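Residue numbers (the working numbering): 36 to 382. Using N, Cα and C, we set each Cβ at its ideal position, and we do this for glycine too. None of the values given here were measured: they were computed from a predicted structure. Reading through the structure tokens given below for one structure.
Below, the structure is given as structure tokens:
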């Protein structure tokens, strides 16, 4: 009997592993849109619940919520992407067609001339050789950027397919979310209290990452883009886009974007613009993180900033853009499971 029982469990575990791995291979091409769908479903579930209170029909409420997501997120992103694309195209054109003139103008700068003289003495090369090296380096950069843009364009059809699958998944996650959670909770080997803690941790870390991270980054990029536009900074939309990503960088943060612009203004003798941007950067752009994040996060789960930073970088490396969410989420879940284990042992 015992031998039969062992054989039964051995076959059962083998089937679970084999079929589970086969299921993973089937779903793997769609992991990214499914993951984004889970994130957006959790973030916008309060909107769905609000609509459900009045309309009282799940499928219709899920459809309206997906429509709201499209209007709120896709519209601004599409416009910003268009502006950034235009500005990148301008940059490529400038470097591609006027690179010699740009290098000549830079080399004529008195401060640059002093640096060039030192470099030519140290490297024992002529000024013409140095100029040619700079032009070749710029050409290589332009070629690499054009290659990247070409690859991006080639992936546009698959992007729209993934986007459609994400919206479709959001619809079903919103409509059947409670059923999915109830089904999943049955297979977790934890007590009801521990399951509640675990699901709360998932919700909290997603809310923390989205509202406390991405929303703050969006606000900072909008604030930065606005002041860049008002002060007539070249490529304002591109700098605003860069501000979004700089928001996730520890210590330096958004200063890494607006700080050099301040230095540029002072270098060009535009002292008033430099002072305005410096005060605005410290008082508005940087303070958004200090004021808005605590209001959004409140008593939610917190992780050290450096841990969040590396979990985001590792998540992006492993999962792509969704790693911004998945990285901190997986790390937070690991911490939660360890805490559950510690709590169980102490009991």
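Item	Value
Going by the CB atoms, is the gap between residue 87 and residue 240 shorter than 7 Å?	no
Should residue 278 be labelled buried (16 or more other beta-carbon atoms within 10 Å of its own) or exposed?	buried
From this set, 41, 77, 58, 52, which residue's C-alpha is nearest residue 244's C-alpha?	77
Pick from 84, 90, 79, 49: whose alpha carbon is nearest that of residue 106?	79
Quick one: Cα of residue 323 to Cα of residue 255, how far?	7 Å
Using 8 Å as the Cβ pair cut-off and three pairs as the minimum, do the region 91–98 and the region 200–212 touch?	yes
Buried or exposed: which applies to residue 289, given that a residue is buried once 16 or more other Cβ atoms fall within 10 Å of its Cβ?	buried
For residue 309, does the three-state DSSP call read helix, strand or coil?	helix
Whole angstroms are fine: how far does the CA of residue 57 sit from the CA of residue 93?	32 Å
If you follow the alpha helix (DSSP H) that residue 238 is in, where does it begin and where does it stop?	227–244
Would residue 52 be called buried (16 or more neighbouring beta carbons within 10 Å of its own) or exposed?	exposed
Going by C-alpha to C-alpha distance, which of 276, 59, 376, 72 sits closest to residue 230?	376
What residue range is occupied by the uninterrupted alpha helix (DSSP H) comprising residue 294?	290–302
Is the CB-CB distance between residue 67 and residue 320 below 7 Å?	no
With C-beta atoms as the reference, is residue 352 less than 7 Å away from residue 366?	no
Would you kindly report the start and end of the unbroken alpha helix (DSSP H) that includes residue 263?	250–265
So, using beta-carbon positions, are residue 200 and residue 65 closer together than 7 Å?	yes
Quick check on the burial criterion: 16 or more other C-beta atoms within 10 angstroms. Buried or exposed for residue 135?	With a pLDDT of 49 at residue 135, under the threshold of 50, the predicted position of this residue should be treated as unreliable, though the coordinate-derived value follows. Exposed.
Report the residue from 260, 369, 247 whose alpha carbon sits nearest the alpha carbon of residue 325.	247
For residue 274 versus residue 263, is the C-beta spacing smaller than 7 Å?	yes
Tell me whether residue 218 sits in a helix, a strand or coil according to DSSP, three-state version.	helix
Rounded to whole angstroms, what is the Cα-Cα separation between residue 84 and residue 238?	15 Å
If you draw a straight line from the alpha carbon of residue 269 to that of residue 258, how long is it in whole angstroms?	16 Å
Which class does residue 283 belong to by DSSP, given the choice of helix, strand or coil?	coil
Helix, strand or coil for residue 63 per DSSP?	helix
Just tell me which of 370, 372, 348 has its CA closest to the CA of residue 362.	348
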